[in-house]
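Q: The following block contains the structure, expressed as structure tokens.
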Amino acid sequence: MSKAILRLSFCFFLLAGLAGCGGSASCGSCGGGGSPTIVTYTFTGNNMPVAVATQIGSGAYTQATLASGTLTISIPKGETNYSAVFLCTAEVNPFVNIESINQASTLDGTAFSEACPPNPYLGGLATIQVNAAAIPGAEGISVGNYGGCASCNTLNFDYDMALGTYDVPVVVTGVEGPYIALAATILRDQTIPGALNGGAPLVFETADETVPQTIAYNNVPNGYSAASTDVVYSTAGGAEVQLFLNNGATASTQYPAMPSDAYQSGDYYEFIVGANEVTGNGVVSVEKYASSSGPQSFTFPAPLSYAGPTAAALPTFNFAYSGFSGMSNISQEASIGWTQGQLGQGSLEFNEIMITATANYQNGSTAMSIPDLSNLTGFLAPATSGTTVGWNAGVSQGGPLLTSPPSGTIQSVGNSGSYTEP
269 MSKAILRLSF CFFLLAGLAG CGGSASCGSC GGGGSPTIVT YTFTGNNMPV AVATQIGSGA
329 YTQATLASGT LTISIPKGET NYSAVFLCTA EVNPFVNIES INQASTLDGT AFSEACPPNP
389 YLGGLATIQV NAAAIPGAEG ISVGNYGGCA SCNTLNFDYD MALGTYDVPV VVTGVEGPYI
449 ALAATILRDQ TIPGALNGGA PLVFETADET VPQTIAYNNV PNGYSAASTD VVYSTAGGAE
509 VQLFLNNGAT ASTQYPAMPS DAYQSGDYYE FIVGANEVTG NGVVSVEKYA SSSGPQSFTF
569 PAPLSYAGPT AAALPTFNFA YSGFSGMSNI SQEASIGWTQ GQLGQGSLEF NEIMITATAN
629 YQNGSTAMSI PDLSNLTGFL APATSGTTVG WNAGVSQGGP LLTSPPSGTI QSVGNSGSYT
689 EP
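With the sequence shown counted from 1, adding 268 to any position gets you the working numbering.
Quick look at the structure:
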């Protein structure tokens, strides 16, 4: 399960591995009396789903509601499977509607946390003076995710940021090429609007420099590109420090880790490594979460060979992948997406329907069909005939996001393509 729906990454299944949400629903074929199993999905952030629905067992999908950002699903005794659905909107370019369908079992857990893409922030002025002249090679400074300078080693920062109290990262970067953080610090519990760092200038010293660590990649499939790497350091107070991003033609042998004294309880690293098929659309990836850095080694799973679903308004995906045989926490993931409206007319939108089914839900089945929820308020209708529809399909193994802070590894394989809507 992914921590954010629109986390940008070179691995498509970070968009597909999301849990949904649901609500109580009737089920005429479910078991008899006894205590139900309660499953909850709690949404965080400043953007809530615009529509939610649920299905118990093989019953009908029904509309549901959130209560204080939490959706409670009551699953009757004798039933384990449920489907949970939420639709989020994102005010990006183009406007995005994302319908997420999670098909799961009570055996997969009962309490989850999710987040829609954030709304455009409500502005509050933040100010700070930053001096990174002591950092060798300093060519850029960023403050939070909002602004900075691309060619400087000093900065007078005066910028609108999101209102609230949260951690704010300040990162020093070098010359163009792979994104490499040369130095970084985290200003904890900053209140916006206001002066960051208590109003004092932030002066970087050599102790703030990142620490090089080794990284290695094993079992890159034949015919695939060199491994790409994305390293992010996250804090319990909401900061995400982009430490490294290499999507180049050559795999990296090192990555920068945070200064040793930066760690606080609840912080963690996220490593995302992937490789893409050179002459096709296959992708393999490993996503790892850890509370410490140190040398890292990643072994890629065998790739997924899949030509895609038969063209349909709501297609059925069929998975035949044995690379994770004997392992737990397996899920099958698929999505379809299409653009509607006209560019430049102010009405361009991108619609995506994503579905994830756990192995417990599938119970051995390799087929997964996207359901039609267009009869429910707020959910997407299929694309119109003649529309070009892109598809993604993948299989993942691992469930570290069930812990807080997350720890463990997710392995994923996938493929993608497109078809014309019949």
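All C-beta atoms, glycine included, are put in the ideal place defined by N, C-alpha and C.
Just so it is clear, the structure is predicted and the values come from calculations on it, not from any experiment.
ASP457: which of GLY466, LEU450, ALA449 and ALA451 sits nearest, CA to CA?
A: Of GLY466, LEU450, ALA449 and ALA451, the residue nearest in Cα terms is GLY466.
Q: Give the range of the alpha helix (DSSP H) segment to which TYR629 is assigned.
A: Here the alpha helix (DSSP H) through TYR629 covers 627-630.
Q: Straight-line CA distance for ALA401 to GLU407?
A: If I take the Cα positions, the gap works out to 9 Å.
Q: Over what stretch of residues does the beta strand (DSSP E) that includes ASP457 continue unbroken?
A: Segment 447-460, the beta strand (DSSP E) holding ASP457.
Q: Using 8 Å as the threshold, is the C-beta distance between ASN544 and VAL551 below it?
A: Cβ distance < 8 Å, so ASN544 and VAL551 count as in contact.
Q: Counting beta carbon pairs with one atom in the segment 660-679 and one in the segment 580-595, are three or more of them shorter than 8 Å?
A: Segments in contact, yes.
Q: DSSP three-state call for LEU423: helix, strand or coil?
A: Strand, per DSSP.
Q: Select from MET316, SER565, ALA463 and TYR434 the residue whose C-alpha is nearest the C-alpha of GLU359.
A: The shortest Cα separation from GLU359 among MET316, SER565, ALA463 and TYR434 belongs to MET316.
Q: Quick one: using the 10 Å Cβ neighbour count with 16 as the cut-off for buried, is ILE638 buried or exposed?
A: It counts as buried.
Q: Under a three-way DSSP split, which group does THR474 fall into?
A: The answer is helix: DSSP assigns THR474 an H, G or I state.
Q: Out of curiosity, what's the CA-to-CA distance linking SER336 and THR312?
A: Between SER336 and THR312, the C-alpha separation is close to 10 Å.
Q: Where does VAL554 fall in DSSP's three states?
A: Looking at VAL554 - three-state DSSP - the assignment turns out to be strand.
Q: Go through its chain and collect everything with a Cβ distance to SER680's Cβ below 6 Å, but skip five positions before and after it.
A: Cβ within range, chain order: PHE281, SER553, GLY662 and SER664.
Q: Just to confirm before moving on: does the CB-CB distance between THR305 and ILE366 stay below 8 Å?
A: The answer is no: Cβ separation not under 8 Å.
Q: In three-state DSSP terms, what is ALA328?
A: Here ALA328 sits in coil by DSSP.
Q: Compare the Cα-Cα distances from VAL499 to each of GLY491, ALA449 and THR453 and report the closest residue.
A: The candidate whose alpha carbon is nearest that of VAL499 is ALA449.
Q: The beta strand (DSSP E) spanning GLN481 covers which residue range?
A: It spans 479-486 - the beta strand (DSSP E) in which GLN481 sits, taken as one unbroken run.
Q: Which residue comes first and which comes last in the beta strand (DSSP E) that contains TYR537?
A: It spans 536-544 - the beta strand (DSSP E) in which TYR537 sits, taken as one unbroken run.
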